[in-house]
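Numbering (the UniProt record's numbering), first residue to last: 1 to 351. The C-beta atom is built at its ideal place from N, Cα and C for all residues, glycine as well. Working notes, beginning with the structure itself.
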């Protein structure tokens with residue numbers, strides 16, 4: 001009898017537990033969170049952009065001539081000065097007293113002669129005059145005949161030395177003449193006080209040097225031919241670099257727009273710091289946002305000017321920061337990023 005009562009009691013306890021379990025509030029069944037998209041990396045086209053600038057002959061401000069002035073070879077001071085101290089001397093960026101290597105001054109004087117023109121007035125806020133390119137006579141006939149190949153070498157990144165050697169060999173068909181011209185190129189591209197690295201350095205080292213050389217002229221008035229007016233401040237820049245690196249600015253400065261004939265160009269919709277970061281990318285092909293908010297602002301600016309690689313860099317930075325950010329911190333920031341990242345998800349990502 002006692003055993004029977006125990007069995008009934010045990011049965012009732014099981015039924016009671018079963019009833020309690022049925023009435024218990026079940027936790028919500030949450031779906032697995034969607035993974036952040038993996039962005040496709042876009043290869044740099046920095047050197048190709050500058051090489052295309054040479055081929056299209058836009059914004060040229062210097063023309064090289066042989067002594068008989070028969071043929072002109074056009075180029076851009078900003079590009080030449082960014083890779084050569086000799087061209088800095090030639091175009092007045094540096095004075096002979098600043099040069100620590102007297103042989104460089106002597107080479108510049110023996111190889112080139114800049115034709116003196118009338119001094120041009122300054123037009124800081126008006127319409128620039130139609131200024132013809134500076135005329136430079138090349139005194140060395142062999143060097144002058146190879147100048148188009150040398151410029152292609154410089155504009156392509158100044159690292160394809162073997163290709164330049166082959167091109168000059170085919171053109172001159174004489175070992176001594178070829179060596180003469182190549183030695184001139186080495187001296188032109190040599191950094192004073194440092195060993196000559198044009199031929200000996202690895203390609204990626206020369207590429208890195210070339211990509212940072214335009215940084216010398218970023219946000220400086222030296223050789224600048226345009227001023228951006230933004231937030232009661234002016235930012236100097238160089239049309240040649242802008243046209244080479246940004247298709248929107250190429251259309252703006254070469255089309256039938258007001259900016260094409262203006263020195264002072266207003267900028268709306270972005271802050272000065274964001275626009276400076278944008279210009280820095282155009283000059284150096286690198287971008288290091290200070291934080292997620294700056295990356296978001298730079299993303300909008302890149303979208304505005306249709307610089308797709310910069311947009312991808314900003315998207316990748318934002319996604320990387322979000323993945324490493326704790327959920328509580330992310331919620332407290334109240335960042336409105338969903339609409340911005342939709343483009344990253346659908347346009348630039350592998351889901």
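Per the DSSP calculation, residue i is bridged to which residue(s)?
| i | result |
| --- | --- |
| residue 302 | Paired residue(s): none; residue 302 is not in a bridge. |
| residue 227 | 236 and 264 |
| residue 244 | Bridge partners of residue 244: none, in fact. |
| residue 74 | 63 |
| residue 112 | 138 |
Smallest Cα separation from residue i: which of the options?
| i | options | result |
| --- | --- | --- |
| residue 47 | 320, 88, 308 and 154 | 154 |
| residue 82 | 147, 304, 157 and 66 | 157 |
| residue 273 | 228, 75, 68 and 159 | 228 |
| residue 178 | 237, 93, 76 and 141 | 141 |
| residue 225 | 95, 326, 99 and 131 | 131 |
| residue 250 | 135, 307 and 290 | 307 |
| residue 234 | 257, 244, 299 and 276 | 276 |
| residue 93 | 223, 271 and 282 | 223 |
| residue 146 | 170, 134, 247 and 238 | 170 |
| residue 264 | 289, 236 and 162 | 236 |
| residue 89 | 108, 135, 100 and 71 | 108 |
| residue 69 | 137, 252, 58 and 248 | 137 |
| residue 290 | 303, 139 and 317 | 317 |
| residue 134 | 85, 52 and 64 | 64 |
| residue 57 | 221, 326, 262 and 239 | 239 |
Can you tell me the Cα-Cα spacing of residue i and residue j, whole angstroms?
| i | j | result |
| --- | --- | --- |
| residue 231 | residue 267 | 8 Å |
| residue 172 | residue 187 | 20 Å |
| residue 259 | residue 174 | 49 Å |
| residue 55 | residue 323 | 43 Å |
| residue 75 | residue 321 | 42 Å |
| residue 67 | residue 110 | 13 Å |
| residue 309 | residue 42 | 6 Å |
| residue 45 | residue 102 | 37 Å |
| residue 305 | residue 184 | 40 Å |
| residue 271 | residue 244 | 23 Å |
| residue 114 | residue 301 | 40 Å |
| residue 365 | residue 256 | The structure shown does not extend to residue 365, since the chain spans only 1 to 351, so no value can be given for it. |
| residue 298 | residue 182 | 43 Å |
| residue 190 | residue 97 | 18 Å |
| residue 180 | residue 215 | 31 Å |
| residue 315 | residue 295 | 8 Å |
| residue 106 | residue 311 | 46 Å |
| residue 348 | residue 99 | The predicted model places residue 348 with a pLDDT of 49, which falls under 50 and marks its position as unreliable; any figure quoted below should be read in that light. Near 48 Å, if we compare the C-alpha coordinates of residue 99 and residue 348. |
| residue 61 | residue 269 | 31 Å |
| residue 325 | residue 292 | 11 Å |
| residue 73 | residue 159 | 21 Å |
Using a Cβ-Cβ cutoff of less than 7 Å, which residues in the same chain neighbour residue i once the five nearest sequence positions on both sides are dropped?
| i | result |
| --- | --- |
| residue 358 | Residue 358 cannot be examined here, being either before or after the span of the chain that is shown, 1 to 351. |
What does a CB cutoff of less than 6 Å around residue i pick up in its chain, not counting 5 residues either side in sequence?
| i | result |
| --- | --- |
| residue 313 | 287 |
| residue 80 | 87 |
Please find out if some non-hydrogen atom of the ligand HEM comes closer than 8 Å to the beta-carbon of residue i.
| i | result |
| --- | --- |
| residue 112 | For the structure depicted, the ligand HEM is absent and the ligand set is empty, with no information on it obtainable. |
Sorted by chain position, which residues of the same chain lie with C-beta nearer than 8 Å to residue i's C-beta, five sequence neighbours on each side aside?
| i | result |
| --- | --- |
| residue 218 | 279, 280, 283 and 284 |
Complete runs of the alpha helix (DSSP H) confined to the segment 154-185 [at least 4 residues]: 161-172
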